[in-house]
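At position 284 of the sequence shown (counting the first as 1) the number is 303 in our numbering, and the numbers step up by one without a gap.
All C-beta atoms, glycine included, are put in the ideal place defined by N, C-alpha and C.
Heads up: the structure comes next, in structure tokens.
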Amino acid sequence: MAGQIPRQFIDDLLARTDIVELIDQRVPLKKAGSKNYAACCPFHNEKSPSFTVSPDKQFYHCFGCGAHGNAISFMMEFEQLEFVEAIEELAKQLHMEVPREQGKGPARPAAQADDYSLMQQAADFYQQQLQQHANGPTVQQYLQKRGLSPQTINDFQLGYAPDGWDGVLKQLSNGKPRAVREQLIELKLVNRNDNGREYDFFRDRLMFPIHDKRGRVIAFGGRILNDGQPKYLNSPETRLFHKGRELYGLYQVRQQPGHLKQVLVVEGYMDVVALAEHDIRFAVACLGTATTSDQMHTLFRYSPKVICCYDGDRAGRDAAWRALQNALPQLKDGVELNFVFLPDGEDPDSLVQKEGKAAFLARLEQALPLSQYLFEHLLQEFDANTDGGKSALMVKGSELIKQIPSSFYQETLQQKLNNLLGRASERLKPVSNRPQARPAPASIKMTPMRRAIALLLQTPELVNVMPHAPELASADIPGINLLLAVQQHLLDKPGLTTAQLLEYWRDLPEHAILLKLAAWQHQIEPEQLSAEFLDTFHSIEDQYLQQRLEALERKDKLKQLTQTEQREYVLLLKALKSKKPRPAS
């Protein structure tokens, strides 16, 4: 992967990226000590902050689960991106164009590279058609009825699929190779019937582009403008679009300034757009399915509070219950899940137009907390006044509670369940906590070599005091070549940060140990670093000299020393005898 993108560009990208600012936009950080910042780790469940970010190193590390890395690593793990995608996203935020080297590294599949371009071209075509048909009676009446302003229409890139058989097909394939028509079919923009006729998948519909987390168009939803069926037509799944993982409007929500304090989950595209029109800009919609566990996982990554908003009818409550069950495995400490049920016959779109912003927000303030909705639903299903009902309630309730990783939620819900059953909590088998998402990191044994590499990696300026000793390359000391390689990188490119250094080894076996050494806490005062480093380095030199002396002694016993080696042998004996023993590192 790295061969595609010039190394110098990656260095520049990391140099221009402030990892504190990058992470703080996603995980609110607080100052911890004189230099670092801290937060509860976004990668595992914890109550007290053990996730630290170092602006000096441009490096993050969690002492609880061991997650660590630079800005690229964070984007890959937090945003669930591949390496190249993380580079592209960081570059986009800095308004940098990602260059490509020719003929190096594996090529990106051509179809994949063009997919996003074709989807954006389709979105542009639909937007142009909306502008051209905006004065048409059907489109105009619908937009006026919904009260959508030009700004909101533009923010969500709404469009119109014309009432013809092959508008988008002609627009995107005329004059192009046959392969483009096949690609349009694969992306579900065009259909082909049994007779081989090709025609647009969306026709005479108001179009809602669906964006991924990076803002790329990956699918569409289309609403019919007359009495036809289906009312909403959604893109089928493709290689770009997996509806159980995506959320309509999430990209727009994340463009809002500041931290995302809460997210409102609604059922329809128009609900999201109508709420935004009334300046409620934290709503997202599921894509024709109940909120999935993957979607809940995504939501809790971006906000500590999720509110699910559903119609008050049976279908709405069934959808809410499925959403609750899918959310349970994602309920770590520090997050909150609430539920709002709307009056019969109302949806967020209709209600916000009737009541306005303030009244709608007031409804959200009255949302049911998870615990209340959970037991209200269970008590409707099981009769707690009978022994059989109590038994079934205990089994079902305990089964649900066990799925929750948060010890707080487990203890709270278990106590409520005990109270409903009328049994003392100590008589019930306690719910065992689920294991953390990651095992606790194993401590690393610090040898003098690892200590030297760690100090040099964490404080690259130490290269200015490190002796030049190329002869050490022949030493039989594990890690010596890595130490010398780090030194050479710093000599070749003065000013590299810890984050930039680590990137050189991303795809190499040494990367894992370097990450651990970069996270090691040395507890050495800044003014003592140079002396400590030199002392450690000299102990490595002593180890090499001892090895060399022993090798010469073996040759001396065999009478195989040359004159030059004889002189070296005598000098080594004198040098090592005159040295004072060094304390163990």
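Under the three-state DSSP convention, the category residue i falls into
i	result
proline 323	coil
histidine 316	helix
glycine 186	helix
arginine 300	coil
alanine 51	strand
asparagine 437	helix
leucine 283	strand
leucine 41	helix
valine 484	coil
valine 46	coil
leucine 387	strand
asparagine 253	strand
tyrosine 56	strand
tyrosine 523	coil
threonine 405	coil
aspartate 330	strand
arginine 211	strand
Euclidean distance between Cα positions of residue i and residue j
i	j	result
isoleucine 237	methionine 138	6 Å
proline 528	phenylalanine 360	53 Å
aspartate 330	asparagine 193	45 Å
threonine 583	alanine 105	56 Å
isoleucine 499	threonine 36	31 Å
leucine 162	glutamine 170	13 Å
glutamate 5	glutamate 430	Nothing about residue 5 can be reported from this structure: the residues present for the chain run from 20 to 604 only.
alanine 142	aspartate 223	15 Å
proline 348	leucine 440	24 Å
arginine 46	valine 325	One detail in the question is off: residue 46 reads as valine in this sequence, not arginine. C-alpha separation (whole angstroms): 16 Å.
threonine 516	aspartate 174	39 Å
glutamine 455	aspartate 134	Its pLDDT being 47, under 50, glutamine 455 is placed unreliably by the model, and nothing is read from it.
isoleucine 463	aspartate 75	23 Å
Burial state of residue i (16 or more Cβ within 10 Å)
i	result
proline 181	buried
alanine 550	exposed
proline 602	At proline 602 the pLDDT is 48, less than 50, meaning the model places this residue with poor confidence; the figure from the coordinates comes in the next sentence. Looking at its Cβ environment, which holds fewer than 16 other Cβ atoms inside 10 Å, proline 602 is exposed.
isoleucine 42	buried
serine 73	buried
alanine 346	buried
serine 451	A caution first: serine 451 carries a pLDDT of 49, below 50, which makes its placement in the model unreliable, though a value can still be read off. Exposed is the call here.
asparagine 483	exposed
aspartate 30	buried
arginine 216	exposed
arginine 211	exposed
leucine 149	buried
lysine 11	There is no way to answer for residue 11, as the model of the chain reaches only from 20 to 604.
isoleucine 420	buried
leucine 592	exposed
Start-to-end residues for the beta strand (DSSP E) that takes in residue i
i	result
tyrosine 179	178–180
methionine 115	Counting along the chain, methionine 115 falls outside any beta strand (DSSP E), and DSSP gives it neither H nor E.
arginine 242	236–243
tyrosine 218	217–219
valine 359	355–361
valine 371	Taken as a continuous stretch (DSSP letters only), valine 371 belongs to no beta strand (DSSP E), being part of the alpha helix (DSSP H) at 367–374.
phenylalanine 401	From DSSP, phenylalanine 401 is part of no beta strand (DSSP E); its letter is neither H nor E.
histidine 508	Careful: histidine 508 lies outside any beta strand (DSSP E), inside the alpha helix (DSSP H) at 499–511.
proline 156	Unbroken run through proline 156 is the alpha helix (DSSP H), 156–165; no beta strand (DSSP E).
isoleucine 229	224–230
Contact belief for residue i with residue j at Cβ below 8 Å, rounded distance in angstroms
i	j	result
leucine 283	leucine 383	7 Å
leucine 571	glutamate 560	Actually they do not touch by this definition, with Cβ atoms about 16 Å apart.
leucine 548	leucine 481	7 Å
glutamine 176	glutamine 146	6 Å
aspartate 368	alanine 293	4 Å
tyrosine 251	tyrosine 267	About 11 Å separates the two Cβ atoms, so there is no contact after all.
Boundaries of the alpha helix (DSSP H) in which residue i is found, first to last residue
i	result
tyrosine 135	129–152
serine 92	90–97
methionine 468	467–477
tyrosine 79	Run containing tyrosine 79: none in the alpha helix (DSSP H); it sits in the beta strand (DSSP E), 78–81.
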